[in-house]
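Novice: Per my numbering, the sequence shown runs over residues 75 to 206. Ideal Cβ positions, reconstructed from N, Cα and C, are used throughout, including at glycine. Just so we're clear, the structure is a prediction, and the values are computed from it rather than from any experiment. The structure that follows is given in the form of structure tokens.
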Amino acid sequence: MKQNIKTLYFAYGCLLLLSGCASVLLAGASGGVAYSITNIAYKTIPYPIDQVDFANRLALMKMGIKYVDVIKTENRARIFAETYELKIYIDLDKITPKSTKISVDAKKNFLVKDKSTAEAIIAGTEAMLSKD
75 MKQNIKTLYF AYGCLLLLSG CASVLLAGAS GGVAYSITNI AYKTIPYPID QVDFANRLAL
135 MKMGIKYVDV IKTENRARIF AETYELKIYI DLDKITPKST KISVDAKKNF LVKDKSTAEA
195 IIAGTEAMLS KD
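The structure is reproduced here in structure tokens:
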């Protein structure tokens, strides 16, 4: 009897995980911004990493999001930002000299993420780039 209950809980847990993945994939496919299984928004855009970095700072400032710090390497930048209730991690990865992948992880706490803010940061960055 105990084995059946454990099997039932295991199956129920798997169903919950699988249903969440399906909704993440559908939501990402419809909005132009994709999401990883961990709900991190990402998109590759056709601009060099330095331009994307500058446009991202402008977008954060326009949105009233506090820019905290950045760690840069040759092919990557990790930007730390925050609001009064979110910790935001933005990764810019150089794909080619003319294209950059932007990933945004907006966390409210350990379990809750804000996908709409992450998507808005990507859209704001693209809007700043298109003004040039």
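Taking the alpha carbon of Glu200 as the point to measure from, which residue in Leu134, Ile114, Val186 has its own alpha carbon closest?
Specialist: The candidate whose alpha carbon is nearest that of Glu200 is Leu134.
Novice: Using the beta-carbon count (16 or more within 10 Å), is Met202 buried or exposed?
Specialist: With 16 or more other Cβ atoms within 10 Å, it is buried.
Novice: Rounded to a whole number of angstroms, what is the C-alpha to C-alpha distance between Ile123 and Leu185?
Specialist: Rounded to the nearest angstrom, the two C-alpha atoms are 30 angstroms apart.
Novice: To the nearest angstrom, how far is the alpha carbon of Lys205 from that of Gln125?
Specialist: Taking the straight line from one Cα to the other gives about 12 angstroms.
Novice: From this set, Thr157, Lys175, Glu148, Phe128, which residue's C-alpha is nearest Gly138's C-alpha?
Specialist: For Gly138, the nearest C-alpha among the options comes from Thr157.
Novice: If you draw a straight line from the alpha carbon of Phe154 to that of Val178, how long is it in whole angstroms?
Specialist: When rounded, the distance between both Cα atoms is 10 angstroms.
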